[in-house]
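K.L.:
0 is the number of the first residue of the sequence shown in numbering that gives the first Met the number 0; add one for each residue after it.
Yeah, the Cβ is synthetic: ideal placement off N, Cα and C, and Gly gets one too.
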Amino acid sequence: MSDGNKGAQKAQTRKTKEMEKAAELAAMVTTDLLKSEEFESLTQRIITKAIETVLDGIILQLGRQEARILDLELKVEQKEAECKELAERMKELDEGKQSQSSALNNLEQYQRRNSLRITRIPEIPGELTNEVIKKVASERLDVTIVDASIDRSHRVRKYQPGAKRAILVKFVAHSTKVEVMEVRRRLKSTGVMITEDLTKPNLALLKKSESQRESETRVVYGWYTIIALVVDEAGTETKVNLNIEKDLAKL
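(1) Just to confirm, are ARG116 and ASP196 a CB contact at a threshold of 9 Å?
(2) Which residue from ARG151, LYS199, THR198 and THR118 puts its Cα closest to that of GLY190?
(3) Here's the rule I'm using: 16 or more other beta-carbon atoms within 10 Å means buried, otherwise exposed. How should SER100 be labelled?
(4) Counting only the same chain and skipping the five closest in sequence on each side, list residues whose C-beta sits under 6 Å from that of LEU69.
(5) Going by C-alpha distance, which of LEU73, VAL142, LYS199 and ARG164 is nearest LEU186?
(6) When you compare the CB positions of GLU122 and LYS163, do they come within less than 9 Å of one another, or not?
(7) Please specify which runs of the beta strand (DSSP E), each continuous and at least 3 residues long, are wholly inside the segment 65-104, giving them in chain order.
(8) Looking at the strands, I want to know which residues DSSP matches up with GLU195.
(9) Can the beta-carbon of ILE120 be found less than 9 Å from the beta-carbon of SER152?
(10) Are VAL177 and LEU167 closer than 9 Å when you measure CB to CB?
(11) Excluding the five sequence neighbours on either side, which residues of its own chain have a C-beta within less than 8 Å of the C-beta of TYR223, listed in chain order?
(12) When the distance is taken between beta carbons, is ILE144 closer than 9 Å to VAL179?
(13) Measuring only the C-alpha atoms, how far is ALA21 from GLN64?
(14) Kindly indicate the opening and closing residues of the beta strand (DSSP E) around ARG154.
(15) For LYS16, name the three-state secondary structure that DSSP assigns.
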């Protein structure tokens with residue numbers, strides 16, 4: 000081996016030994032440092048600071064989320080209040096509509112206070128309904144009706160051969176109508192019927208009240224309203240006015 004190579008090898012060996020000694024020294028210093036209370040305290044402070052930083056961030060986020068939740072709760076409460084107000088308003092409008100419809104229905108029924116419907120009378124082509132009414136009243140009810148007592152009369156609905164269309168008659172005076180209604184039972188065995196000229200809502204309510212009534216309850220029609228005559232266990236008769244469908248609960 001040449002002198003140059005030997006010198007390089009020795010230098011490398013010295014360098015290696017120096018590095019080993021430096022590593023041993025660093026290890027000793029590190030070991031001593033890790034064992035020292037000051038390092039432990041510093042480490043603890045760093046860890047604590049890091050945890051506090053993380054917690055502060057979490058608390059900040061939670062605060063923001065809580066604020067958003069509160070804001071949403073306030074908005075929900077506001078919407079619920081608005082919905083409640085709208086529901087109450089709709090109820091008022093519905094009640095107003097029902098009241099208005101009831102008033103219009105009552106007005107229409109009032110305008111029919113002098114009117115009657117006569118059904119199941121055979122129809123003859125070219126007939127005069129006033130004459131038919133006077134004949135029925137005279138021959139079957141024993142009531143005299145003159146032309147001056149009748150405001151107008153006519154068959155209802157479109158003509159169909161063989162059909163017995165009802166006759167609608169309006170009397171000049173309410174007393175004439177009452178006179179006819181009081182003796183209409185005389186038609187019981189004839190097949191002919193005389194009824195009130197009811198509005199469509201009142202007719203539907205009357206039919207429904209008749210189907211739902213108890214056996215001891217009678218349903219009649221007053222001047223402008225349906226009246227249920229309810230009889231209790233003692234035999235006492237009580238009048239119940241039925242103006243709208245919910246009144247059926249009173250039966």
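P.N.:
In short:
(1) Taking 9 Å as the Cβ cut-off, ARG116 and ASP196 qualify as a contacting pair.
(2) In this structure, THR118 is the residue among ARG151, LYS199, THR198 and THR118 with its C-alpha nearest to the C-alpha of GLY190.
(3) Its Cβ having fewer than 16 others within 10 Å, SER100 is exposed.
(4) The beta carbon of LEU69 lies closer than 6 Å to none in the same chain, with the five residues before and after it left out.
(5) The residue with the shortest Cα to Cα distance from LEU186 is VAL142.
(6) Going by C-beta atoms, GLU122 is nearer than 9 Å to LYS163.
(7) Qualifying beta strand (DSSP E) stretches: none in this window.
(8) Answer is LEU115, bridged to GLU195.
(9) With a cutoff of 9 Å on beta-carbon distance, ILE120 and SER152 are scored as not near each other.
(10) Contact flag unset, no.
(11) Interpretation of TYR223 is limited by its pLDDT of 49, a score under 50 that renders its predicted location unreliable; the figure taken from the coordinates is listed afterwards. Excluding sequence neighbours, TYR223 sits near ASN105, GLN108, TYR109 and ARG112.
(12) Yes, these two residues count as a Cβ contact at 9 Å.
(13) So the alpha carbons of these two residues sit roughly 55 Å apart.
(14) First-last of the beta strand (DSSP E) with ARG154: 149-154.
(15) Here LYS16 sits in helix by DSSP.
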